[in-house]
Structure formats: C-alpha cells, structure tokens
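Notes follow once the structure below has been shown.
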Amino acid sequence: MRSEIQCPSCQAWLGKNVILSWVKIIGFYGGVSLFALSYFDVEARSIAMPVAIGCILAMFISHLMDSLKVIEAPIEEEVDNSEHLQKYR
C-alpha cells in the first residue's frame, strides 16, 4: 500500500497516504458487496442500501482527498551569486 515514486523533473520522492488507500479499498468492496446483498436479499435491503451508499461516498471522498505527499525533498544546491548581486548595488 505504501508506494513511492520519484519525480523526474525535481528528483523529489513522492508517496501515497496509506490510510486513505485502505479507506478506498474498503469503501469500494464494502459498497459492491452490500449492493449485491441488497439485490438478492429483500429483507436486508433496508439496512444494506444506506450502508452501501455510505461506503461508496467514503470511497469517493477519500479518492478526492488522496494526493501525493513529499517524502524526501531534493537537496538544493546553494549557488554563490554574490558577484552578480554586487553588480546591481
């Protein structure tokens, strides 16, 4: 669940949020299984449908919130530009 990629332009390591990935997986499979249960079992439909809708909503919200975060920033090289700055003073 914890995957990291390296940005080709800035060489920073980016990672995914593990908790939101689990919420997406549980929300999807919980919603699909509860929709299937409510389709085949009429008595469970009154409780399974609202819970399935809640699972799917949790999956959509966590999908919108999930973004890459910086794990390790690239090392910035300090450039000595004091001579360049002295020209304009």
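Mapping of the sequence shown onto the numbering used here: position 34 corresponds to residue 119, and the numbering continues sequentially without gaps. For each residue, glycine too, the CB sits at the ideal point set by N, CA and C. Source: prediction; values computed, not measured.
### Outcome for MET144 when other beta-carbon atoms lying within 10 angstroms are tallied against a minimum of 16
If you number the sequence shown from 1, residue 144 lands on position 59. The residue in question, MET144, is buried, as its Cβ has 16 or more Cβ neighbours within 10 Å.
### Task
Leaving aside the five residues before and after LEU153 along the sequence, list all residues of the same chain whose C-beta is less than 8 Å from its C-beta, in chain order.
Sequence index remark: in the sequence shown, residue 153 carries index 68 (1-based). These residues qualify, in order along the chain: ILE90, LEU99, GLY100 and LYS101.
### Message
Please report the straight-line C-alpha distance between MET150 and LEU122, rounded to a whole angstrom.
### Response
The sequence position of residue 150 within the sequence shown is 65, counting from 1. The sequence position of residue 122 within the sequence shown is 37, counting from 1. About 29 Å.
#### Entry: Straight-line gap, ILE111 to CYS140 (C-alpha atoms, nearest Å)
Position 26 of the sequence shown, counted from the first residue, corresponds to residue 111. Position 55 of the sequence shown, counted from the first residue, corresponds to residue 140. Rounded to the nearest angstrom, the two C-alpha atoms are 8 Å apart.
### Query
How many Å lie between GLY115 and ALA133 at the Cα?
For the purposes of this step, residue 115 is taken as residue 30 along the sequence shown, with counting starting at 1. For the purposes of this step, residue 133 is taken as residue 48 along the sequence shown, with counting starting at 1. If you take the alpha carbons of GLY115 and ALA133, they lie about 10 Å apart.
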